[in-house]
Every structure is written in C-alpha cells, then in structure tokens.
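Q: Top line first, the protein sequences correspond to chains A and B.
Quick note, this note's numbering runs 124 ahead of the 1-based positions in the first sequence.
Quick note, this note's numbering runs 2 ahead of the 1-based positions in the second sequence.
Just passing along the structure, written as structure tokens.
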Amino acid sequence: MYEKIRVIFATIERYIRLDLKYKFQFLIDSLIIAGNFLGFGIMGFYLQARGSTLPPEYTFEKFMLVGTYFWTMLTKIYDDCTKVLMEEANRGTLTLLIENNVTIPVILIGRAIASTLKYGLIASIFGIPALYLIDALKMNFKYLPLALLSFTCSWLFIIGLSALLLSIILIFKRVGMLTVSIMEILMFAIGFYFPVELLPKEIWPILGAIPFTIGLQFFRDLMIIGEPRPMINGVYSSINMGIMKMFIGSLVFSMITFTLMYIIMKKAQRWGTIEQY
Amino acid sequence: MEAIIAENVTKKFKSSILGKKITALKNVSFQLDEHEHLAVMGPSPSGKTTLLKTIAGIYLPDEGDIRVYGKSVRRKTEEVRKITYYITPQIQLNKKLTVKENLKYFTKVAGRELTEEIIQLLETAEINDEVMDKRLETLSETQTITLKLAIGLIKKPRILLMDNIFSSLEPKIKETFTETIEKLREEITLIMVDQDMETLSKLCRKTLILNHRGEMIMMGSVEQLLKNYPYKYDVEVTLKNSSIKEKIRRLGYPTQTIGDLMRIYIKSENEILELTSKLLKMKEHILKFEISGIDMEDIYYWIINK
Ligand SMILES: Nc1ncnc2c1ncn2[C@@H]1O[C@H](COP(=O)(O)OP(=O)(O)OP(=O)(O)O)[C@@H](O)[C@H]1O
Ligand SMILES: [Mg+2]
C-alpha cells in the first residue's frame with residue numbers, strides 16, 4: 125500500500141512536470157477556458173430563463189457560469205484521463221511504465237490528480253473573478269464541506285467514467301468519437317444547460333442517480349443562493365437523501381469501473397493489447 | 003537455485019478482435035539456474051520477444067506458468083516485475099523530460115537511490131552533470147540506450163532480459179555493456195535475444211532454441227552442444243558470383259547458404275587443407291573465405307535446419 129502511494133505520487137509529479145513542458149498547450153487551454161466563461165456568460169445575459177422552475181435568485185447567467193466553472197474542471201480532467209493511454213503508447217513509454225509496476229490504474233490516478241491541480245488552478249483563475257462579478261460567490265462558509273463533497277463525488281464519478289473508457293480502449297485500442305460523445309450527452313443529462321426538471325419525468329430516476337447531477341445542483345445552489353434547496357424535482361427529495369445518493373453512487377460507480385478496468389487490464393496482458401500498439 | 007521455471011507456457015495472440023489466433027509460444031518448459039546467462043535463439047518470428055515479455059510480467063501466459071524466483075507470473079505479476087527488467091530499443095523514455103527528471107522518476111518508483119555503479123555507467127556515455135539537465139531529445143543514441151540500461155538497473159533486477167540490444171550498438175558502447183554485464187555476473191541472471199551472435203556467444207553459456215511455431219527445440223549448455231557437434235571447423239565463403247554455389251555444394255561437404263554467403267562444415271585439419279586448395283582453384287568467383295572454429299551460430303543453424 126505504502127509502495128503504491130509512493131508510485132502514485134511520483135507519477136503525479138511526472139505528469140505535472142510534463143504538462144509544464146508544453147507551455148503553448150497550457151496557454152491554449154487557459155484561453156479556451158476563459159472563452160468558455162465569456163461565451164456562456166454572454167449567452168446567460170441575453171437569454172431569459174423560461175418558466176419558474178428556478179428560484180428567483182437564479183438569473184440565467186449565474187446558472188450558466190457556476191455550471192461552467194464546475195463543468196470545465198471536471199471535463200478537462202476527463203479529457204486528459206481518457207487520452208493518457210494513447211499518449212503514453214504513442215510516445216512508446218507505456219511498456220517501460222508497465223514493467224516498472226506503474227500499472228494502468230496508477231497511471232489513471234496519477235494523471236487525474238495532476239490534471240485536477242492544473243485545471244483547478246486555471247478554471248479558478250478565470251472562474252472566481254467571473255463569479256464574483258456576477259455576484260455568484262454567496263456560499264455560506266459552513267457549507268464548504270458540502271461544496272467539497274459535491275466536487276469530490278462528481279470527481280470520483282468522472283474518474284470512474286474514465287476508467288470505464290480506458291477499459292474499452294484497452295480492448296478496442298481506438299474508440300473514435302465515443303469519449304467526446306459521452307461528454308456531450310452528459311452535459312444535457314446532468315442539467316448543465318437547463319434544469320433536469322425540464323426533461324421528461326420518466327428519466328428523472330436515471331438522471332437523479334448520477335452523482336455528477338446532484339453535485340452540480342448542490343454546487344450551484346451554494347454559490348447562487350448560499351445554501352442548498354431542501355428539495356429539487358428530479359434530483360433529490362431531501363438534502364440528506366441527495367448527499368447519500370451522491371456519496372454512495374459515486375463510490376459504488378467508481379469501485380465497479382475500477383474493478384472492471386483491473387479485470388480488462390489482466391485480460392489485455394493475455395491478449396497482448398496492453399501496450400496499445 | 004532456479005531463477006526461472008517455465009512450465010508448459012503457451013501464448014497466443016489475436017491479430018484483431020475477430021481475427022484468428024496466432025500461437026507465439028507453444029508448450030515451452032525449461033529451468034534456468036540463478037546467475038546463468040541464456041541465449042534465446044530462433045528464426046523470425048518464433049516467439050523470442052514474447053517469451054521475454056512474458057517472463058517480465060508484461061504479458062501473461064494463456065496456459066502454463068512461469069515462476070521467477072518462486073513467484074508466479076500469473077498470480078504475483080507485480081512481484082515478478084520488481085525483480086525483472088526487459089530492455090529493447092523499442093521501449094522509450096519520455097523525451098520531453100530531462101535526463102535527471104527521468105532518473106528521478108524511476109528512483110522514486112523503485113524506492114531506491116542511484117548507486118555509484120549506475121553513475122559510472124552513465125559517465126561512460128558522457129552523461130555528466132551538464133547533460134543531466136538536458137532533455138532526452140538532445141541525447142545521442144548511445145547515451146539514450148545507456149540511460150535505458152541504467153534506469154533498469156535502478157530497481158536492482160535479479161533477471162535482465164535483453165532483446166536485440168547489442169546488434170544496434172556501436173563497438174565502444176558494446177564493450178561497456180559487455181563489461182557492465184560481466185561485472186554483474188554474480189548478481190544477475192541474463193536472458194538475451196540478439197542478432198549479434200558474437201556477443202551472444204561471448205556472454206552466454208546456455209542456449210534455448212525456438213522454431214517458427216514457437217516450440218522449444220532444445221535447451222542446453224553451449225559447451226555440451228559443441229562436444230556433441232559432429233564438425234569442428236567452419237569455412238565461411240563470400241561469393242562474388244552466385245553461379246558457383248552449385249559447384250561448391252558438389253564438393254561433398256555439408257553446406258549452408260545465406261544469400262551470398264556459404265558455410266562449409268569440416269571435421270578435421272586435413273579436410274581444411276583439402277578444401278582450401280579446391281577453393282583456391284575457384285578464386286575468381288570468390289571474394290574471400292575465412293576458417294574458424296565451430297561456435298554457437300553454427301550449432302544454431304545446424305539445429306534449426308535439422
Ligand atoms: N502484442 C502482440 N499482439 C499480437 N500479435 C503479437 C504480439 N506480439 C507478438 N505477436 C505475434 O506473435 C508472433 C511471435 O512474435 P515475437 O515478436 O515474439 O517473435 P520474435 O521471435 O521476437 O521475432 P523477431 O526475431 O522478428 O523479433 C508473431 O507472429 C507476432 O506477430
Ligand atoms: Mg523479437
């Protein structure tokens with residue numbers, strides 16, 4: 125166990141160092157993230173929210189920009205995580221990592237944490253001032269643990285999803301648009317563009333079970349209203365229920381996908397696809 | 003003590019998900035004692051790389067198992083990886099990182115420090131303090147391969163698996179590598195695949211031969227094989243004109259042809275004199291010929307052709 129942690133820490137450091145070498149990419153990433161805030165901000169100002177599903181504090185630009193802050197960090201992490209195997213394989217470095225017990229779960233966790241630090245920083249540099257400007261930093265300090273828990277559970281869900289995709293990549297090597305498409309669907313499913321409530325009632329149980337959905341709604345409420353709403357249609361019926369669903373859901377989901385990835389990794393060593401040539 | 007016990011190892015690959023299976027290794031069983039040096043030989047492809055990668059815990063066998071110092075590759079893969087190092091020109095270090103960053107990473111991964119020996123090995127390729135801060139992109143090939151070996155030695159492997167390393171090395175670095183391995187003789191078990199037969203016979207006292215179906219034809223000590231071999235010398239003839247091949251064959255000695263090169267196998271000194279005078283008669287068709295004692299290469303071709 126101690127050994128594994130040591131290897132993971134070394135791997136996090138390796139990815140941070142590597143990311144810092146690609147300065148241009150860093151710049152482009154920052155610009156894109158800044159662009160997201162700008163774009164969704166403008167969209168929010170000019171569009172009007174229809175109906176009265178959201179509380180009065182919720183202006184559309186607040187709805188969009190808090191979502192953007194949360195979403196950007198997590199999807200960027202997901203991008204890095206799902207690309208990591210292909211990148212190591214293309215550089216020819218994968219075999220050497222594997223034979224030194226830098227296994228695929230270790231690579232994924234190392235990459236995920238390094239990306240979290242990277243995009244947490246970049247998104248905050250643009251996000252926090254943007255949220256401040258539109259008065260969406262209302263969180264009551266006592267809710268900081270809930271905000272962190274919302275982020276952590278959504279993070280676990282995204283890392284679990286990455287593990288699922290890496291398993292598929294280990295089998296098929298190339299998966300084309302799959303990784304991107306999943307994110308596009310997820311953007312609607314978790315209520316990034318509009319509240320889950322506006323989607324058909326029949327799929328609420330599915331959408332409301334995604335830890336990311338619950339995490340995003342909690343985070344928005346905390347930032348915009350200052351405290352979580354006692355219930356949200358289609359997401360949770362009570363705060364405690366929401367926390368439970370989010371916590372257990374993310375834990376179970378990531379445990380299942382990591383187990384799956386572990387099994388597939390062993391299989392890939394049998395099939396000879398582990399090096400991803 | 004046995005460093006490696008392979009039992010009925012079979013390894014198959016699928017060319018694609020729906021493709022049919024290729025058998026890379028079939029029922030390979032052998033044992034290798036600690037600190038022995040084994041040359042794995044066979045035509046291309048015969049599963050040599052696959053065998054090495056399976057011993058290193060990169061691939062897992064489909065059937066059978068390999069125990070490395072008692073640890074099963076199947077069940078204790080990560081334990082096996084800690085004591086083996088597989089090196090080939092194909093494995094790469096991250097080129098964007100500096101030499102120091104690469105070294106640091108693998109020392110952290112292994113939980114060890116750089117030893118004096120490793121630093122000395124690096125210095126033979128002029129990897130000094132100044133080069134340490136350079137990115138790998140700027141290193142020469144000799145420096146890169148030395149770094150790869152050095153990085154493998156960080157974890158103090160008990161088994162070193164070298165796949166076609168020597169054939170691409172320049173003479174000077176070849177010497178360094180040979181010396182490094184000789185120095186480690188008491189600490190390391192070596193398994194080698196290489197086109198460079200000279201280094202192979204210099205370093206290895208044992209050989210394992212695979213055929214193109216991935217089956218093991220034989221394994222034994224080179225010395226024993228030489229003793230049992232019916233011929234004592236070989237004469238290597240480089241032809242100027244390939245039309246002469248048939249004429250040489252008709253001389254009645256066992257021969258073997260590889261492109262424009264012919265090997266003639268000889269039993270005694272007398273026969274050498276006889277053959278030499280015959281060859282001299284054909285000298286306008288011959289570029290050169292060389293007489294040498296039987297070595298591992300001859301035995302390999304003899305066995306492969308049987
Ligand atoms: N990862 C893999 N996936 C699919 N097929 C593989 C894989 N590795 C090896 N093979 C196949 O297995 C067979 C044996 O390959 P291997 O590389 O072990 O041969 P080799 O003896 O090392 O050959 P060479 O002398 O050319 O290096 C070949 O037919 C090869 O195509
Ligand atoms: Mg090979």
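Virtual Cβ for every residue (Gly too), placed ideally from N, Cα, C.
(1) Nearest by alpha-carbon distance to isoleucine 328 of chain B: which of B:Thr240, B:Ala152, B:Lys234 is it?
(2) Could you work out which residue in B:Thr178, B:Glu189, B:Gly21, B:Lys157 is closest to valine 82 of chain B when comparing CA atoms only?
(3) With ligand 1 as the reference, list in chain order each residue whose Cβ lies under 6 angstroms from any of its heavy atoms.
(4) Among the candidates A:Glu185, A:Thr199, A:Met125, whose CA atom is the shortest distance from the CA of aspartate 153 of chain A?
(5) What residue range is occupied by the uninterrupted beta strand (DSSP E) comprising alanine 5 of chain B?
(6) Apart from the five residues on each side of it in sequence, which residues of its chain come closer than 7 angstroms, Cβ to Cβ, to methionine 167 of chain A?
(7) With burial defined as no fewer than 16 other Cβ atoms inside 10 Å of the residue's Cβ, what is the status of glycine 59 of chain B: buried or exposed?
(8) Just curious, the beta strand (DSSP E) that valine 42 of chain B is in, first and last residue?
(9) Taking the alpha carbon of threonine 259 of chain B as the reference point, which residue from B:Arg187, B:Asn307, B:Tyr88 has its own alpha carbon closest?
(10) Going by DSSP, what residue range makes up the beta strand (DSSP E) through alanine 26 of chain B?
(11) List the residues that DSSP assigns as beta-bridge partners of tyrosine 88 of chain B.
(12) What are the partner residues of glutamate 238 of chain B, as DSSP defines its beta bridges?
(13) Please list the partners that valine 195 of chain B has in chain D, where partner means a Cβ-to-Cβ separation under 7 angstroms.
(14) What residues in its chain sit with their C-beta under 7 angstroms from that of isoleucine 85 of chain B, if we drop five residues either side in the sequence?
(15) Flag this pair as touching only if the segment 196-211 of chain B and the segment 164-182 of chain B have three or more C-beta atom pairs under 8 angstroms; answer yes or no.
(16) The beta strand (DSSP E) spanning valine 70 of chain B covers which residue range?
(17) Flag this pair as touching only if the segment 260-269 of chain A and the segment 118-132 of chain B have three or more C-beta atom pairs under 8 angstroms; answer yes or no.
(18) Per DSSP, glutamate 217 of chain B forms a beta bridge with which residues?
(19) Run through the DSSP bridge pairs and tell me what isoleucine 211 of chain B is partnered with.
(20) Under 7 angstroms between the Cβ atoms of tryptophan 328 of chain A and glycine 358 of chain A?
(21) Considering only DSSP beta bridges, list what serine 74 of chain B is partnered with.
(22) Between isoleucine 252 of chain A and chain B, is any beta-carbon pair separated by less than 7 angstroms?
(23) Please classify histidine 214 of chain B: is it buried, with 16 or more other beta-carbons within 10 angstroms of its beta-carbon, or exposed?
(24) Note down the Cα distance separating lysine 102 of chain B from leucine 116 of chain B, rounded to an integer number of angstroms.
(25) What residues of chain B sit near asparagine 225 of chain A, judged by a beta carbon separation below 8 angstroms?
(26) Mind pulling the chain B residues with CB within less than 8 angstroms of isoleucine 233 of chain A?
A: On the basis of the coordinates in this document:
(1) The structure shown does not extend to residue 328 of chain B, since chain B is modelled only from 3 to 308, so the question has no answer here.
(2) Indexing the second sequence from 1 puts residue 82 of chain B at position 80. It is B:Lys157.
(3) For ligand 1, residues qualifying as neighbours are A:Gly396, B:Phe15, B:Ile24, B:Ala26, B:Gly44, B:Ser46, B:Pro47, B:Ser48, B:Gly49, B:Lys50, B:Thr51, B:Thr52, where qualification means a beta carbon closer than 6 angstroms to at least one of its heavy atoms (chain order).
(4) The residue you call residue 153 of chain A lines up with position 29 of the first sequence. That would be A:Thr199, whose Cα lies nearest to the Cα of aspartate 153 of chain A.
(5) By one-based count along the second sequence, residue 5 of chain B stands at place 3. Per DSSP, the unbroken beta strand (DSSP E) holding alanine 5 of chain B starts and ends at 4-16.
(6) Here residue 167 of chain A refers to the residue found at position 43 of the first sequence. The residues are Met188.
(7) For the purposes of this step, residue 59 of chain B is taken as residue 57 along the second sequence, with counting starting at 1. Classified as buried, glycine 59 of chain B has 16 or more neighbouring CB atoms from the shown chains inside 10 Å of its CB.
(8) For this step, residue 42 of chain B is matched to residue 40 along the second sequence. 39-43 is the extent of the beta strand (DSSP E) around valine 42 of chain B.
(9) For this step, residue 259 of chain B is matched to residue 257 along the second sequence. It is B:Asn307 whose Cα lies nearest to the Cα of threonine 259 of chain B.
(10) Position 24 of the second sequence, counted from the first residue, corresponds to residue 26 of chain B. Under the DSSP assignment, alanine 26 of chain B falls in the beta strand (DSSP E) whose first and last residues are 23-35.
(11) As a first step, residue 88 of chain B is located in the second sequence; it is residue number 86 there, counting from the start. For tyrosine 88 of chain B, which the question treats as bridged, DSSP gives the partners B:Leu163.
(12) Here residue 238 of chain B corresponds to residue number 236 of the second sequence, with the count starting at 1. BP columns for glutamate 238 of chain B point to B:Arg265, B:Glu292.
(13) The structure shown contains no chain D; its protein chains are A and B.
(14) For the purposes of this step, residue 85 of chain B is identified with residue 83 of the second sequence, where counting begins at 1. Contacts found: Val70, Tyr71, Pro159, Arg160, Ile161.
(15) yes
(16) Residue 70 of chain B sits at position 68 when you count from the first residue of the second sequence. First-last of the beta strand (DSSP E) with valine 70 of chain B: 65-70.
(17) no
(18) The sequence position of residue 217 of chain B within the second sequence is 215, counting from 1. DSSP, once it has assigned bridges, lists B:Lys28 as partnering glutamate 217 of chain B.
(19) For the purposes of this step, residue 211 of chain B is taken as the residue at position 209 of the second sequence. Answer is B:Met43, B:Met220.
(20) What you label residue 328 of chain A is simply residue 204 of the first sequence in a count that begins at 1. What you label residue 358 of chain A is simply residue 234 of the first sequence in a count that begins at 1. Cβ distance < 7 angstroms, so tryptophan 328 of chain A and glycine 358 of chain A count as in contact.
(21) By 1-based counting over the second sequence, the position of residue 74 of chain B is 72. Looking at the DSSP assignment, serine 74 of chain B forms a beta bridge with B:Arg69.
(22) As a first step, residue 252 of chain A must be located in the first sequence, where it is residue number 128. Answer no: the Cβ-Cβ gap between isoleucine 252 of chain A and chain B never drops below 7 angstroms.
(23) Working through the second sequence from its first residue, we reach residue 214 of chain B at position 212. Histidine 214 of chain B is exposed by the Cβ-count criterion.
(24) Start at 1 with the first residue of the second sequence, and residue 102 of chain B comes out as number 100. Start at 1 with the first residue of the second sequence, and residue 116 of chain B comes out as number 114. Approximately 11 angstroms between the Cα atoms of the pair.
(25) What you label residue 225 of chain A is simply residue 101 of the first sequence in a count that begins at 1. In chain order: Glu80, Arg83, Lys84, Val111.
(26) As a position in the first sequence, residue 233 of chain A is number 109, starting the count at 1. Under the 8 angstroms cutoff, chain B gives no residues; its nearest Cβ is about 14 angstroms from isoleucine 233 of chain A.
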